[in-house]
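Shown next, in structure tokens, is the structure this report addresses.
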Amino acid sequence: MNLTKREILKRIDKGKTVKVELEIEEGYIKNTMISGDFFAYPIEEFENLQNAFKNKKATKGNMHRILEEYSKKITLSGITFSDLEDIFSQFGV
Numbered sequence: 086m087n088l089t090k091r092e093i094l095k096r097i098d099k100g101k102t103v104k105v106e107l108e109i110e111e112g113y114i115k116n117t118m119i120s121g122d123f124f125a126y127p128i129e130e131f132e133n134l135q136n137a138f139k140n141k142k143a144t145k146g147n148m149h150r151i152l153e154e155y156s157k158k159i160t161l162s163g164i165t166f167s168d169l170e171d172i173f174s175q176f177g178v
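Just so we're aligned, residue 86 is where the sequence shown starts under my numbering, counting upward by one.
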């Protein structure tokens, strides 16, 4: 078992900060945490977004599909889904 915890902290042009933490085991995402000084609503869907990555292969394609799906369900204030896409693309293989 090879569990790796990686995080990326990014300052967005508008002055906001986003941090994404992933726990990856053998190429699969085991846990995801997205935090920062932004707002997301409805909060339940934002929590579902974080859980949607669980047990998915850590590829750019998978991460893109999940973010695209939830961009239709969640309203972000202070950041955009493009910002999240940019951060998540740095994790993918």
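In this text, a Cβ means the ideal position worked out from N, Cα and C, and glycines have one as well.
What residues in its chain sit with their C-beta under 8 Å from that of residue i, if we drop five residues either side in the sequence?
i      : result
Gln175 : Ile93
Asp171 : Lys95
Glu154 : Ala137
Closest by CA to residue i, which one among the options?
i      : options                : result
Ala143 : Ile97, Lys115, Asn87   : Lys115
Leu88  : Ile109, Ser167, Lys104 : Ile109
Asn133 : Lys104, Ser167, Ser156 : Ser156
Are residue i and residue j close, meaning C-beta to C-beta below 7 Å?
i      : j      : result
Gly118 : Glu106 : Position check: residue 118 holds Met in this sequence, whereas Gly was assumed. Yes, they are a contact pair.
Tyr126 : Thr102 : no
Ser167 : Phe124 : no
Lys145 : Gly121 : no
Looking only at its chain, what residues have a beta carbon closer than 6 Å to the beta carbon of residue i, apart from the 5 residues adjacent to it on each side?
i      : result
Arg91  : Leu107
Lys158 : Glu130
If you drop the 5 nearest sequence neighbours on each side, which residues of the same chain put their C-beta closer than 7 Å to that of residue i?
i      : result
Leu152 : Phe166, Leu169, Glu170, Phe173
Go through the stretch 93-139 residue by residue and report every complete run of the alpha helix (DSSP H) that reaches 4 residues or more, in order.
Complete alpha helix (DSSP H) runs here, min 4: 128-137.
Between the stretch 95-102 and the stretch 131-148, do at least 3 Cβ pairs fall closer than 8 Å?
No: the two stretches stay apart, fewer than three of their Cβ pairs being nearer than 8 Å.
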